[in-house]
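Colleague: One structure is given below, represented as structure tokens, and several questions about it will come after.
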Amino acid sequence: QKEVEQDPGPLSVPEGAIVSLNCTYSNSAFQYFMWYRQYSRKGPELLMYTYSSGNKEDGRFTAQVDKSSKYISLFIRDSQPSDSATYLCAMSPQTSGSRLTFGEGTQLTVNP
Amino acid sequence: GAVVSQHPSWVICKSGTSVKIECRSLDFQATTMFWYRQFPKQSLMLMATSNEGSKATYEQGVEKDKFLINHASLTLSTLTVTSAHPEDSSFYICSASLDLAGGPGDTQYFGPGTRLTVL
């Protein structure tokens, strides 16, 4: 069983839709959670990070963490064609310089 | 802030030659850098963790004599693919670790990647 599970998609939505991306994890040592966006042939770009259960909002993006269920989500409101990319969840223990464990990534296409 | 660069962005080489890829943190010092490999439509695969001034820690199955990593300063790490073969063709991405203010740990900022094609 993988430590981090993420549905690879592909996910296709119309412009303006609310997108929900999710990851589950099995390692309770994970305390630090991140979402990265990766455009084709580019390096991943950090979107959001959080280390506590609950919601964190940044513009059209909301990251949600439920440690009791070992479940994290990223919501994108009013999705735009420019949001079309692969979204990777990542997590690590609460240790400086520690390695990240990535999900497989979800490929998202927002259609105009 | 937190910009990481890689050079070159793409390289084509003949089988048997060596290729060096540079990773630089431009506006911060990173005690830890990471090297990843990514195949098409797959997630990132960690190859090694690089700490400034010490030997890199390689993941299981990664040949340390083939993928030489040097982390000579707090802003520069290099990956050298020695005696490259077509199966080494891939997208190589580095990241640099930064301790974010207000957080309990640190997170990784990624470079734009280097596409290596070995003929």
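Residue numbers (my numbering), protein chains in the order written: chain A, 1475 to 1586; chain B, 2 to 120.
All C-beta atoms in this analysis are idealised placements derived from N, C-alpha and C, irrespective of residue type, glycine included.
Because the structure is a prediction, the values reported are computed rather than measured.
Looking at the structure shown, is Glu1578 of chain A part of a helix, part of a strand, or coil, going by DSSP?
Modeller: Coil.
Colleague: For Pro1488 of chain A, is the classification buried or exposed, using 16 other Cβ atoms within 10 angstroms of its Cβ as the cut-off for buried?
Modeller: The residue in question, Pro1488 of chain A, is exposed, as its Cβ has fewer than 16 Cβ neighbours within 10 Å.
Colleague: Based on Cα-Cα distance, which residue from A:Asp1481, A:Gly1483, A:Tyr1506 lies nearest to Asp1540 of chain A?
Modeller: Per the Cα distances, A:Tyr1506.
Colleague: At 3 residues or longer, and completely inside the segment 1503 to 1568 of chain A: list those beta strand (DSSP E) runs for me, N to C.
Modeller: Listed in chain order, they are 1506 to 1512, 1519 to 1524, 1528 to 1532, 1535 to 1540, 1545 to 1550, 1559 to 1566.
Colleague: At least one CB of chain B closer than 9 Å to the CB of Ala1537 of chain A: is that the case?
Modeller: Chain B, which has no Cβ nearer than 9 Å to the Cβ of Ala1537 of chain A, makes this no.
Colleague: Is Glu1586 of chain A buried or exposed, if buried means 16 or more other CB atoms sit within 10 Å of its CB?
Modeller: According to the sequence shown, residue 1586 of chain A is Pro rather than Glu. With fewer than 16 other Cβ atoms within 10 Å, it is exposed.
Colleague: Considering only the alpha carbon of each residue, which of A:Thr1536, A:Ser1556, A:Gly1528 lies closest to Lys1544 of chain A?
Modeller: Among A:Thr1536, A:Ser1556, A:Gly1528, the Cα nearest to that of Lys1544 of chain A belongs to A:Gly1528.
Colleague: Can you list, in chain order, the residues of its chain with a C-beta nearer than 6 Å to that of Phe92 of chain B? Leave out the 5 residues immediately preceding and following it.
Modeller: Once the five neighbours on either side are set aside, the close Cβ partners of Phe92 of chain B are Gln39, Gly114, Arg116.
Colleague: Taking 8 Å as the cut-off, does the segment 78 to 92 of chain B touch the segment 16 to 33 of chain B (at least 3 CB pairs, one atom from each stretch)?
Modeller: They touch, by the three-pair rule.
Colleague: Less than 8 Å separating the Cβ of Ser1526 of chain A from some heavy atom of the ligand NAP?
Modeller: Inclusion of the ligand NAP in the displayed structure is not the case, the ligand content being empty and no account of it being possible.
Colleague: So, at 8 Å on beta carbons, what are the nonlocal neighbours of Pro1482 of chain A in its own chain, with the 5 sequence-adjacent residues on each side left out?
Modeller: Within the same chain, Pro1482 of chain A has close Cβ partners Glu1578, Gly1579, Thr1580, Gln1581.
Colleague: Relative to the C-alpha of Phe1576 of chain A, which candidate in A:Lys1530, A:Glu1531, A:Asn1501, A:Ser1542 has its C-alpha closest?
Modeller: Closest by alpha carbon: A:Asn1501.
Colleague: Lys67 of chain B and Thr83 of chain B look like a contact to me (Cβ under 8 Å); what is the Cβ gap, rounded to whole Å?
Modeller: Rounded, the Cβ-Cβ distance is 6 Å, consistent with contact.
Colleague: Alpha carbon to alpha carbon, how far is Tyr1561 of chain A from Ile94 of chain B? Give it in angstroms, no decimals.
Modeller: Taking the straight line from one Cα to the other gives about 16 Å.
Colleague: Considering only residues of the same chain and omitting the five flanking positions on each side of His8 of chain B, which have a CB-CB separation below 6 Å?
Modeller: Only Glu23 meet the Cβ criterion.
Colleague: Under 8 Å between beta-carbons, which chain B residues line up against Lys1516 of chain A? List them in chain order, please.
Modeller: Correct list: Pro113, Gly114.
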